[in-house]
Each structure stands twice: as C-alpha cells, then as structure tokens.
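**Student:**
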Ligand SMILES: [Mg+2]
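This is the structure we're talking about:
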C-alpha cells in the first residue's frame, strides 16, 4: 500500500472465513478486531447454494459476529438483476432448491422443464446434468437470456476442491452464440454494486480473497486494492500483478493493518 488512507474491506467468505464446516483459525477474532477498530467491511461471496440468511446463520454458528446486511451474496445480486431487467422473470433454473426458493420469494417464476422462459439461470447444484444444458440451449435460441451467478472453475469444500459453475457455463457457451451474462465476481458490475451499497471509496477498498481468478483479478480490474489469502483456492500460485500482497490467512490481517496504518 502506498498511501495512508484508512481502508475499507470487501471480504470473501468461502476459503477466507471458513473452509467447509470449520472456521479459519482466529477468523471470528479478526472480524471483531475490524469492528472494534472501526474498519468498515462487507462480506462478498460467489456462494450460490446458500441464501443471505443461511450464510448469516452458518457464520454466526461458527462464532462470527456479523449482521445480515453485512453479507452480499451473488444470489441476492442476481435477484436484483432479474428484478431490474424483467420485473418478474420466468426462469429456467439449473441450480438447487435454495436458489429456487430465493427466486420465488422475490416474485420470479422457476421452471425445471422446457417451458417458455425469460432467463436461463445457472447457479450451483451438486449434480447438474447435460439434459439441463440441452433444454437451456433451446430456450436461449428462443430468446431467453443466459445468466450465470459466476463462472468460478472450482470451490473449496474443506479439504476437497470441487468444480464450480465454470464447467457448466462453458458447456452451455459451447452450443449458443450469444454471451452469458455473469453476475458475481470477477465482474466489475458486482464490485460497483457493492461499492454503491456501502459508499466505500473505490481506491481505498481492499478485497481480501482466496481466489486469484475471481477475487484478486476482479478487484484489480475494478480499481480496488487486494490481498490474497492462502487458505482456499489459490494456495501456491504466485501473487498476481497489481495485487497488494498476500497473507497466510486472515488471522494476519490485524498485523497487516498495524504495519500499514500504525493502529
Ligand atoms: Mg473464496
């Protein structure tokens, strides 16, 4: 960091605050530290299998003291996008029931079979299959907008790295001609929405994440600062150009703040 402005933080969740079912060591204490020292923060996540409330309940269950509105999941950003774009969208959904519930709770209709749709929505599901891609292709040909919550290649499930939405998005892309609208990180629009929501200053906001491809590259491209933590996706890759540094884990953040800001 080259200036002395106090930073605000965007903090990724999966692979930063927890991995699978366990909190990252000292993670809850770091959030308490930020609150106590009045460093503003927002938790921003591409997690699409849990609603804002489910993420809140998981975090509080792991000892994190956070408020519901301190969490911005990509699922919520997607609902807002659909509402703005279609008001009430007819969605063909490739994704699990938590996303289906969120969409219907917000006035959108969800189908799982081949009926006319405004949007094909791709979220996380444990076992997507090619029959869904087959239907999605025809619906897109018929005018539905293909929308993916993100296109992360992988996600960390405790000690196991699982495939994310990237391979599913790639499969659909290979059989359609129009681009897929991507909502979550690393899209600049997602960071812009998070900045607008919080009022944080772009140049003084530090994105803390474990994924080079979605957290760090996205933050750099959006004009934010960034710190890479080594507790999730990108454990051994070199720190990419434009990134402000690395932490072994978020437990090192208080030390980093004290080194850079003397507080
Ligand atoms: Mg992550």
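In my numbering, the protein residues as written are 128 to 390.
Cβ atoms here follow ideal geometry from the backbone N, Cα and C, with glycine treated the same way.
#1: Beta carbon of residue 211: closer than 8 angstroms to some heavy atom of ligand 1?
#2: Which of the three DSSP states, helix, strand or coil, is assigned to residue 333?
#3: Just to check my reading of the structure: residue 151 and residue 301 have Cβ atoms closer than 8 angstroms, yes? What is that Cβ distance to the nearest angstrom?
#4: Are three or more beta carbon pairs between the region 349 to 361 and the region 229 to 237 nearer than 8 angstroms?
#5: Less than 6 angstroms between C-beta atoms, sequence neighbours within five positions excluded: which residues of the same chain meet that for residue 250?
#6: Jot down the residue ranges of each uninterrupted beta strand (DSSP E) in the region 178 to 264, minimum 3 residues, whole runs only, in chain order.
#7: Exposed or buried, residue 240, counting other C-beta atoms within 10 Å across all chains shown (16 or more means buried)?
#8: Mapping the DSSP letters down to three states, classify residue 310 as helix, strand or coil.
#9: Less than 8 angstroms separating the Cβ of residue 291 from some heavy atom of ligand 3?
#10: Does any heavy atom of ligand 1 sit closer than 8 angstroms to the C-beta of residue 254?
**Tutor:** Let's see:
#1: Your numbering for residue 211 matches position 84 in the chain shown. False, no ligand heavy atom lies under 8 angstroms from that Cβ.
#2: One-based indexing of the chain shown puts residue 333 at position 206. DSSP places residue 333 in strand when its eight states are reduced to three.
#3: By one-based count along the chain shown, residue 151 stands at place 24. By one-based count along the chain shown, residue 301 stands at place 174. Rounded, the Cβ-Cβ distance is 36 angstroms, inconsistent with contact.
#4: no
#5: Taking the chain shown and counting its residues from 1, one reaches residue 250 at position 123. Closer than 6 angstroms at Cβ, skipping near neighbours: 175, 222, 226 and 276.
#6: 198 to 200, 217 to 221, 236 to 238 and 246 to 249
#7: For the purposes of this step, residue 240 is taken as the residue at position 113 of the chain shown. By the 10 Å Cβ count, residue 240 comes out exposed.
#8: Numbered from 1 along the chain shown, position 183 holds the residue referred to as residue 310. Coil, per DSSP.
#9: This structure does not include ligand 3; its bound ligands are ligand 1.
#10: For this step, residue 254 is matched to residue 127 along the chain shown. No, the beta carbon of residue 254 sits no closer than 8 angstroms to any heavy atom of ligand 1.
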